[in-house]
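Below: one structure, written as structure tokens.
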Amino acid sequence: MAVSERHQNNSTAFFAKKEKAAQVKSRYSILKVPAGKIGLSLLLPVLLLLSWEAGSRLQLIDSHLLPAPTVVLITLWSMAADGSLWQHTGATLYRMFWGFIWGTLIAVILGSITGMSKKVELMVDPLIQAFRSIPSLAWVPLFILWLGIGEVSKVTLIAVGVFFPVYLNVTGGIQSVDRKLIEVGKAYGLSTFQLIRRIVLPASLPSFFTGLRSGLGLGWMFVVAAELMGASQGLGFLLVLGQNTVRPEVILASILLFAVLGKITDSILKKLQDKALHWQDRMENNEAA
Amino acid sequence: MSLTVENVSRSFSGDKAVDNVSFTAKKGEIIGLLGTSGCGKSTVLRAISGLDTGYEGTITVNGLKSRSVNKDLGIIFQEPRLMPWLTVLDNVCFGLEGDKKEKKTKALKLLQQVGLHGFEHYYPKQLSGGMAQRTAIARALVTEPETLLLDEPFSALDAFTKLQLQDMLLDLWNSYQPTMVIVTHDIDEALYLCDRIIILKGQPGSVHKNIEINKQKPRSKADPELTKLKGEILKALELEKKAASF
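The listed protein sequences correspond, in order, to chains Z and B. Be aware that the first sequence starts at 10, since it is given in my numbering, and climbs by one per residue. Be aware that the second sequence starts at -1, since it is given in my numbering, and climbs by one per residue.
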């Protein structure tokens, strides 16, 4: 009756072959680019751009209000040529970078403490929730009053924007770590510090990344707000400049740059996320299989 | 005497779940804690493991009173409870300390024994239920604990995998000779694996019967003596009438 050891090993080897075959298959299917799908999703944007361009050229659209896409591109080109493009983009990226770093740093520290300790959570969380319900743009006048019109007030505003989503996700991530996994660590006699390092941190990493990405999105929103109010450079300043000099092509160029930068920074985070969380059993990870 | 449980009781918010449970396990003995659901089997096991310290009574492991988790104890839960961010190999190494190379050699040897050779770089999400539980068994055994606690280790697996893993467990027991306490609600499993079956019954649960089985392992599942014992156990659990009427 007993199933022999040899039987077992045979069946395991069989499993191994099957699973390896499945893996190889999935690896190839990623490489196959579904050309039809890409064409389909490009169809509408291309049509829109073409009719916009045609409308402008045939003077159907008032080009003083909505210049043609080519005009926007030419504006970008000349800005790149005279160097102002890099200056403004650089200023915005600089503010974004430091705002993001500071907001994330403070959020991670505070979030881990409130996530770990029920007492601290009871003490600190209501206050943070109250602050969260203030529309963050309402801080702008105060920050300018306190910190001046320079970089510090802008970076602070961005940091405030980044802080809340990261904080909420770090706290939530830590609190939702599977009790059963923690018990495994306890069964091996791990100390609290070891439990945090070896179980709590890796287990709450997915939630942390979710927070980072929504924090980044809010950060981009706040950088616009910060630069709309009193800046002498930056993409937000370009928006104001375009408005004041009645040059919609400058506004559109700036909007386009915001879109591109937002997309690039988010895909960097997404890459990092996929690398760090490849072990996750998620729908997205299994798509190719 | 390797493990002694003396007058252990446990209440949860005033309600007694386990009442005065006592038994002893000799070194290398396989003990089965058998009972219907809700009779406190797992509660007793958690008390022995040291994960739950809110009990009354005394538990002695290797002659020492134990009230906390103990390096001499290994635990296998009903679910594999693997760290999803670690590979099979790193999961097995989880409880090991010391030199990296040494850890790896030990883990690889156990992975070979549980039939997972070649799977060391897989992540838990890529494993079937049986493979995941094999990994968990390897993780518990790699520290070479003198006592192994198993909380319904095979109840979440399909019937075939269950039979395979029961045999594997006996093989591992042959090579490491740990004392084992298995919580189970499967009478066949208890009869197949255990040297002694302790039947818990009632609410709060208490020891109803302590049956010793002196029979060489591996045993045949069709053994008439075991079949007779099964009848006795069913009767003891007052399940026979119900079983007959099905």
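Glycine included, C-beta positions come from ideal geometry on N, C-alpha and C.
Give the secondary structure of residue i by DSSP, where H, G and I count as helix, E and B as strand, and everything else as coil.
i: B:PHE75; result: coil
i: B:MET178; result: strand
i: B:GLU144; result: coil
i: B:GLY127; result: helix
i: Z:SER72; result: coil
i: Z:VAL232; result: helix
i: B:ASN212; result: coil
i: Z:VAL81; result: helix
i: Z:ARG141; result: helix
i: B:ARG8; result: strand
i: Z:SER121; result: helix
i: B:ASN18; result: strand
i: Z:THR113; result: helix
i: B:LYS24; result: coil
i: Z:LEU244; result: helix
i: Z:VAL171; result: helix
i: B:ARG132; result: helix
i: B:SER66; result: coil
i: B:LYS219; result: coil
i: Z:ASP134; result: helix
i: B:ILE231; result: helix
i: Z:SER20; result: Below a pLDDT of 50, predicted positions are generally treated as unreliable, and Z:SER20, at 47, falls in that range; the measurement from the model is reported next regardless. Helix.
i: B:ASP149; result: strand
i: Z:HIS97; result: helix
i: B:LEU114; result: coil
i: B:SER204; result: strand
i: Z:ILE158; result: coil
i: B:LEU94; result: coil
i: B:LEU32; result: strand
i: Z:LEU57; result: helix
i: B:LEU43; result: helix
i: Z:GLY45; result: helix
i: B:THR2; result: strand
i: B:LEU84; result: coil
Are there 16 or more other CB atoms within 10 angstroms of the CB of residue i, so buried, or fewer, so exposed?
i: B:ASN212; result: exposed
i: Z:ILE47; result: exposed
i: Z:ASN178; result: buried
i: B:PHE117; result: buried
i: B:GLU142; result: exposed
i: Z:LEU53; result: exposed
i: Z:LEU155; result: In the sequence on display, residue 155 of chain Z carries Trp and not Leu. Exposed, by the Cβ-count rule.
i: Z:ILE118; result: exposed
i: B:LYS231; result: The question names Lys, but residue 231 of chain B in the sequence shown is Ile. Under this definition B:ILE231 is a buried residue.
i: Z:VAL175; result: buried
i: Z:LEU74; result: exposed
i: B:ASP13; result: exposed
i: Z:ASP283; result: exposed
i: B:HIS119; result: exposed
i: Z:LYS280; result: exposed
i: Z:GLY99; result: exposed
i: Z:HIS299; result: Outside the displayed span of chain Z (10 to 298) sits residue 299 of chain Z, for which this structure offers no information.
i: B:LYS160; result: buried
i: B:ILE28; result: buried
i: B:PRO78; result: buried
i: B:SER39; result: The residue asked about is misnamed: residue 39 of chain B is Lys in this sequence, not Ser. Answer is buried; the Cβ neighbour count reaches 16.
i: Z:LEU57; result: exposed
Can you find a heavy atom of the ligand FAD that lies under 7 Å from the Cβ of residue i?
i: B:GLN76; result: Looking for the ligand FAD in the displayed structure turns up nothing, as the structure carries no ligands at all.
My guess is that residue i and residue j are in contact by the Cβ rule of under 8 Å, so how many angstroms apart are they, rounded?
i: Z:GLU236; j: Z:GLY245; result: 2 Å
i: B:LEU114; j: B:THR133; result: 6 Å
i: Z:GLY194; j: Z:ILE208; result: 5 Å
i: B:LEU1; j: B:VAL59; result: 6 Å
i: Z:TRP111; j: Z:VAL164; result: 7 Å
i: B:VAL16; j: B:PRO202; result: 6 Å
i: B:LEU108; j: B:LYS101; result: No, B:LEU108 and B:LYS101 are not in contact; Cβ-Cβ is about 11 Å, not under 8 Å.
i: Z:LEU51; j: B:MET81; result: The Cβ separation is near 42 Å, so there is no contact.
For this session: Entirely within the stretch 183 to 226 of chain Z and at least 3 residues each: give me those beta strand (DSSP E) ranges in chain order.
Result: none
Exercise. Looking at chain Z, which residues of the stretch 61 to 76 of chain B have a Cβ within less than 9 Å of any of its Cβ atoms?
Worked result: SER66, VAL67, ASN68, LYS69, LEU71, GLY72, ILE73 and PHE75
Exercise. If contact means a Cβ-Cβ distance below 7 Å, which residues of the stretch 175 to 205 of chain Z contact chain B?
Worked result: LYS189, LEU190, GLU192, VAL193, LYS195, ALA196, TYR197 and GLY198
For this session: Please name the residues in the stretch 92 to 103 of chain B whose beta-carbon is closer than 8 Å to at least one beta-carbon of chain Z, in chain order.
Result: PHE92 and GLY93
Problem set entry | Under 7 Å (Cβ pairs) to chain Z, residues found in the stretch 146 to 172 of chain B | LEU161, GLN162, ASP165, MET166 and ASP169
Problem set entry | 4 or more residues per run - each alpha helix (DSSP H) lying fully within the stretch 235 to 292 of chain Z | 244 to 253 and 257 to 285
Problem set entry | Near-chain Z residues of the stretch 43 to 59 of chain B (beta-carbon distance less than 7 Å), N- to C-terminal order | SER47 and LEU49
For this session: Mind checking the stretch 177 to 205 of chain B against chain Z and listing, in chain order, the residues whose C-beta falls within less than 8 Å of any C-beta there?
Result: none
Problem set entry | Residues within the stretch 3 to 14 of chain B neighbouring chain Z, beta-carbon criterion of under 9 Å | none
Exercise. Just by C-beta distance, which residues in the stretch 53 to 78 of chain Z are closer than 7 Å to chain B?
Worked result: none
Problem set entry | Near-chain B residues of the stretch 220 to 244 of chain Z - C-beta to any C-beta below 8 Å | none
Exercise. Between the stretch 259 to 284 of chain Z and chain B, which residues of the former have CB atoms less than 8 Å from a CB of the latter, in chain order?
Worked result: none
Exercise. Using a Cβ cut-off of 9 Å, which residues of the stretch 204 to 218 of chain Z contact any Cβ in chain B, in chain order?
Worked result: ARG207, ILE208, PRO211, ALA212 and LEU214
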